[in-house]
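What follows is a set of notes on a single structure, which appears directly below.
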Amino acid sequence: MTFNVDEAIKVANQVMLAKIKRNLTDVEIMIIKGAWEREDYDQIAAKNQYATSYISQDIAPKLWKMLTKSLGEKVKKSNFKEALKRVWEKQSTLTTVLQNQESTTTQSLPSGVNKQQLVVSQPAQQVPPDHPLFPSSREGTTREAIFSETLLQHSSLIRINASRQMSKTSVVEELLAQVEQQNYQTVKLSFEFADPQIHFTNFNRFLRWFCLNLTRQLSLPNKLDDYWDEEGVGSKVSCTIYLEEYLLAQSERPLVVCLDDVDLLFPYPEVYEDFFGLLRSWYEKTRNRRLWKKLRLVIVYLTEVSLSPPINQSPFIVGRMV
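In our numbering, the protein residues as written are 1203 to 1524.
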């Protein structure tokens, strides 16, 4: 087997999951693929429609730092290939040795003893399951397991792109039930229950509708008027302050906000452009602000709907697709 970029990403996922309990994000994978092709950060950013400073000064340095911690050696853009290849070679060597031992032992079995009997009598494998060299079983991971595993990490955003034939309601309900078992708060807000002529044509009214529904589902008193100042700071800042200083501050438990039927908002650019930009800014806050780290976002929308939001702000190019 040849060591290529896909093998490198697989190894990076294994060592990060073992050491820091999370996987690579889509943006981090994008950086690895670009660095593999020896692209500069400005090339990587331009090709994927990101700001260069976001890639070069934020995501990339954090990626190399996490790989340094996971691999136990200094990792940077110029040497990450060799660092990951060394782990890959150890994995390959270990797999070959184990296969050879199995083959040799099987060939020398006494008459009447089968392979299954031998396996039972052998001591357990000495490589622990969370070791970077342990063979990964992630290829067989179910959609539900990926979903719950991702939401157990802070700075998580999941996109569920469903077809009209898919029973997305039952899928979402099942997946949210999994994280509720981990003592997470969950809120599911369907845009189907909004009145398009009232809520989708005025951004301030839409954000108040959004916040009010979150408040009610969390069984909290309505304090919108205490935090809202459209004329002074604007509706986006008011909404962000309400979420941070009131809703997120009420509990130490993580909060999963699932936005369903988001595609219903697509025909209203006067609302969706600012709202999607706001979601993206909240996602970025979850990376380094204590209160915001409790927030997890799930966005559900239909495959058949044409999507063309402002790409640099859109939450549809970050997080994980399920």
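For every residue, glycine included, the Cβ atom is placed at its ideal position computed from N, Cα and C.
- The shortest C-alpha to C-alpha distance from Glu1475 to any of Phe1405, Ser1437 and Arg1418 is the one to Phe1405.
- According to the DSSP assignment, Ile1501 belongs to the beta strand (DSSP E) that extends over Leu1497 to Leu1504.
- Separation of Lys1264 and Trp1411 (C-alpha to C-alpha, rounded to the nearest whole angstrom) is 36 Å.
- Between Arg1455 and Gln1387, the alpha-carbon positions lie close to 7 Å from each other.
- Pairwise C-beta distances place the region 1245-1261 in contact with the region 1215-1233, as three or more of them are shorter than 8 Å.
- Taking Leu1461 as the centre and dropping the five residues before and after it, the same chain places the C-beta of Leu1391 and Ile1501 closer than 6 Å to its C-beta, in chain order.
- In its chain, beyond the 5 residues on either side, Ala1210, Val1213 and Ala1214 have a beta carbon closer than 7 Å to the beta carbon of Leu1286.
- Its chain contains Leu1420 and Leu1422 as the residues whose beta carbon lies nearer than 8 Å to that of Gln1452, once the 5 sequence neighbours on both sides are disregarded; these appear in chain order.
- Within the region 1369-1403, the complete beta strand (DSSP E) runs of at least 3 residues fall at 1387-1392.
- As summarised for the region 1428-1476, the continuous alpha helix (DSSP H) elements at least 4 residues long and confined to that stretch are 1437-1443, given in chain order.
- In the DSSP assignment, the residues bridged to Asn1363 are Tyr1503.
- In chain order, Ala1396, His1401, Phe1402, Val1473 and Phe1477 place their CB closer than 8 Å to the CB of Phe1408, counting only its own chain and leaving out the 5 sequence neighbours on each side.
- Annotated three-state conformation of Arg1418 is helix, per DSSP.
- Separation of Asp1431 and Asn1424 (C-alpha to C-alpha, rounded to the nearest whole angstrom) is 15 Å.
- Apart from sequence neighbours up to five positions away, the residues of its chain that approach Met1268 with a beta-carbon distance below 7 Å are Met1218 and Ile1222, ordered along the chain.
- Following the DSSP letters along the chain, one finds Tyr1252 in no alpha helix (DSSP H), marked with neither H nor E.
- In the structure shown, Arg1491 adopts coil according to DSSP, grouped into three states.
- Between Leu1414 and Val1389, the C-beta gap is not smaller than 8 Å, which leaves the two residues out of contact.
- Here Arg1522 is bridged, per DSSP, to Ile1360.
- Under the three-state reduction of DSSP output, Thr1295 falls in the helix class.
- Spatial neighbours of Leu1481 in its own chain (CB-CB distance under 7 Å, excluding positions within 5 residues in sequence) are listed in chain order as Leu1499 and Pro1517.
- The three-state reading of DSSP puts Gly1236 in helix, counting H, G and I together.
- Per DSSP, Met1268 is one residue of the alpha helix (DSSP H) stretching across Ala1262 to Leu1273.
- The beta carbon of Trp1266 sits closer than 8 Å to the beta carbons of Val1277, Lys1278, Lys1279 and Phe1282 from its chain, once the five residues preceding and following it are set aside; these are given in chain order.
- Taking each of Glu1486, Ser1294 and Ala1237 in turn and checking the Cα distance to Thr1204, the smallest one comes out for Ser1294.
- Judged by DSSP in its simplified three-state form, Phe1408 adopts helix.
- With a threshold of 16 other beta carbon atoms within 10 Å, Gly1274 falls short and is exposed.
- Here Val1229 is near Val1520, since their CB atoms are less than 8 Å apart.
- Sixteen is the threshold: since fewer than 16 other Cβ atoms of the shown chains lie within 10 Å of the Cβ of Val1435, the residue is exposed.
- In the structure shown, Arg1224 falls within a coil segment according to DSSP collapsed to helix, strand and coil.
- C-alpha of Thr1442 to C-alpha of Phe1468: approximately 22 Å in a straight line.
- Put simply, the backbone Cα of Val1459 is about 27 Å away from that of Asn1250.
- A straight line joining the alpha-carbon of Asn1385 with that of Leu1497 spans about 14 Å.
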